[in-house]
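K.L.:
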Amino acid sequence: MKKINIDALLEFSLEKSVRKALGHEGSKLDVGLLLYAPGQTTPEHTHQDMDEVFYIVEGSGRLTIDGEEFVLKEKDIILSPRGEGHGFYNTSSKNLIVLQIKIF
Numbered sequence: 027m028k029k030i031n032i033d034a035l036l037e038f039s040l041e042k043s044v045r046k047a048l049g050h051e052g053s054k055l056d057v058g059l060l061l062y063a064p065g066q067t068t069p070e071h072t073h074q075d076m077d078e079v080f081y082i083v084e085g086s087g088r089l090t091i092d093g094e095e096f097v098l099k100e101k102d103i104i105l106s107p108r109g110e111g112h113g114f115y116n117t118s119s120k121n122l123i124v125l126q127i128k129i130f
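Taking my numbering, I'd label the letters of the sequence shown as residues 27 to 130.
1. Assuming L59 contacts I129 (C-beta within less than 8 Å), just tell me the rounded distance between them.
2. Is it the case that the Cβ atoms of F114 and T68 are separated by a distance below 8 Å?
3. Would you say I127 and E100 are within 8 Å of each other, going by their C-beta atoms?
4. Which residue or residues does DSSP assign as beta-bridge partners of Q126?
5. Buried or exposed: G109, going by 16 or more other Cβ atoms within 10 Å of its Cβ?
6. Under 8 Å by Cβ, that's how I've got G65 and V57 pegged, so tell me the actual separation to the nearest angstrom.
7. Could you have a look at L40 and say whether DSSP puts it in helix, strand or coil?
8. Between S106 and D77, how many whole angstroms is the CB-CB distance? I'm expecting something under 8 Å.
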């Protein structure tokens, strides 16, 4: 078991979004934080080998799912089954923090 404080991991990059691994990489479960400074994106993409769950810890922005846009806000949960297109866009003037859970 491991206890992690999110505040200790918040190192944003002005160049691109950052992923901070929280543990269990290489197993059937991989957990990490996605850190987006204002204006940063992860373009829509798919994964054929995993399902993903996202939890919006802090901030707001937009999400695309198979080309359709949705507004993101704190405490939203997104379930993304394998093969479904998804992308994140921080459209706000504040940082966007997303908890990512990959299930293989």
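Ideal Cβ placement from N, Cα and C applies to all residues, glycine included.
Treat the numbers as computed from the prediction; the structure is a model and nothing was measured.
P.N.:
In brief:
1. What you label residue 59 is simply residue 33 of the sequence shown in a count that begins at 1. What you label residue 129 is simply residue 103 of the sequence shown in a count that begins at 1. Contact doesn't hold; Cβ gap of about 17 Å is too wide.
2. Residue 114 sits at position 88 when you count from the first residue of the sequence shown. Residue 68 sits at position 42 when you count from the first residue of the sequence shown. Their beta carbons are under 8 Å apart, which means F114 touches T68 by this criterion.
3. Numbered from 1 along the sequence shown, position 101 holds the residue referred to as residue 127. Numbered from 1 along the sequence shown, position 74 holds the residue referred to as residue 100. Pairing I127 with E100 gives a Cβ-Cβ distance that is not under 8 Å.
4. On the sequence shown, residue 126 is found 100 positions in, with the first residue counted as 1. Per DSSP, G58 and F80.
5. The sequence position of residue 109 within the sequence shown is 83, counting from 1. It is exposed - the Cβ of G109 has fewer than 16 other Cβ atoms within 10 Å.
6. By one-based count along the sequence shown, residue 65 stands at place 39. By one-based count along the sequence shown, residue 57 stands at place 31. Between V57 and G65 the Cβ distance is about 26 Å, and since that is not below 8 Å, they are no contact.
7. Stepping through the sequence shown from its first residue, residue 40 is reached at position 14. Looking at L40 - three-state DSSP - the assignment turns out to be coil, as it is neither helix nor strand.
8. As a first step, residue 106 is located in the sequence shown; it is residue number 80 there, counting from the start. As a first step, residue 77 is located in the sequence shown; it is residue number 51 there, counting from the start. Indeed they touch by this definition, with Cβ atoms about 7 Å apart.
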